[in-house]
Amino acid sequence: MRKRHSIDKAEWSETRETHYHKDCKDIVFAFGDGLIEVDGTIYLKRKEVLIKVIKPLKRKTFWYETWLKIKEIYNT
Numbered sequence: 015m016r017k018r019h020s021i022d023k024a025e026w027s028e029t030r031e032t033h034y035h036k037d038c039k040d041i042v043f044a045f046g047d048g049l050i051e052v053d054g055t056i057y058l059k060r061k062e063v064l065i066k067v068i069k070p071l072k073r074k075t076f077w078y079e080t081w082l083k084i085k086e087i088y089n090t
């Protein structure tokens, strides 16, 4: 039986979001900072100070939106 295309797209989107989440952590940790999610908002933790980064608009693209903002902050 053939898979539905919509399932393939959903799996691909989930894999892509996982990749963006990992990239966000890699970028932040490379600079010695932390990444915290509280109630759908992402914060950077720098020397015990929390800095609000973004509250992504869509849950479906949560880490993609965060990744764009993290790249902007760290100029990567």
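Under the numbering used here, the first residue of the sequence shown is numbered 15, with each subsequent residue one higher. Cβ atoms here follow ideal geometry from the backbone N, Cα and C, with glycine treated the same way.
Three-state secondary structure assigned by DSSP to residue i
i, result
"L49", "strand"
"R73", "coil"
"T32", "helix"
"T80", "helix"
Strand pairing of residue i, partner residues [DSSP]
i, result
"L64", "K59"
Test: residue i CB closer than 7 Å to a CB of chain C
i, result
"L64", "No chain C appears in this structure, which consists of one protein chain only."
Cβ-based burial, residue i [other Cβ within 10 Å; buried from 16]
i, result
"L64", "exposed"
"I56", "buried"
Check whether residue i and residue j have beta carbons under 7 Å apart
i, j, result
"V52", "L58", "no"
"K74", "G54", "no"
"T80", "I41", "no"
"I84", "C38", "yes"
"E28", "W77", "no"
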